[in-house]
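The numbering of the sequence shown is the numbering used here, which starts it at -13 and goes up by one.
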Amino acid sequence: METILFALIAAFFWGAAPVFEKIGLKEIDPIIGVAIRSFVVTLIMLIYLASRGRIWEFSRLSYSSIAYIAMGAIFASLLGQFFYYQGLKYGEATKIVPVASVYPLIALMLAILMLGEKLTLNRLIGTILIIAGVALIK
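What follows is the structure, given as structure tokens:
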């Protein structure tokens, strides 16, 4: 139950963010928006980690862990966020957000190919529903 609550809280924040971002992008270039977003998150996280005495945990990380997290940051926080902001700045949030939300399909395919995860019937049905949902908003 607690994990579902966490997911619902995340969904709330993810659902609210595009509204603020769309307003903020009216007067700025999307790449500046990505830089502001990254700066704010980095600053808050560094303050949080320092206040908990956990900032030194970075020194114990393996290079491979850092490389994979960095790759995720480049894919999601830089490239994904930039193209999402491009769409959000010039398109309707009610169309851009659902289309951008098909990323579970990519994650599903890559998890099967790279992590050896299984494609179950429920996951296949979920995939079909995601595609149908995006088709309905066009």
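Ideal Cβ positions, reconstructed from N, Cα and C, are used throughout, including at glycine.
Original post:
Does DSSP put Ser48 in a helix, in a strand, or in coil?
Top reply: Residue state for Ser48 is assigned as coil, using DSSP reduced to three classes.
Original post:
The alpha helix (DSSP H) spanning Leu74 covers which residue range?
Top reply: For Leu74, the uninterrupted alpha helix (DSSP H) segment begins and ends at 67 to 76.
**OP:** Check the C-beta distance from Ala79 over to Pro16 and give it rounded, since I have them as a contact under 8 Å.
**Re:** Their Cβ separation, rounded to whole angstroms, is 14 Å, which puts Ala79 and Pro16 out of contact at 8 Å.
Subject >> Element boundaries [alpha helix (DSSP H), containing Gly19] >> reply: The continuous alpha helix (DSSP H) containing Gly19 extends over residues 16 to 37.
Original post:
Are the stretch 8 to 15 and the stretch 73 to 89 touching by the rule of at least three beta carbon pairs closer than 8 Å?
Top reply: Note that the stretch 8 to 15 touches the stretch 73 to 89; at least 3 beta-carbon pairs, one per stretch, sit closer than 8 Å.
Original post:
Taking C-beta to C-beta, are Gly19 and Tyr71 nearer than 7 Å?
Top reply: Taking 7 Å as the cut-off, the beta carbon of Gly19 is found closer than this to the beta carbon of Tyr71.
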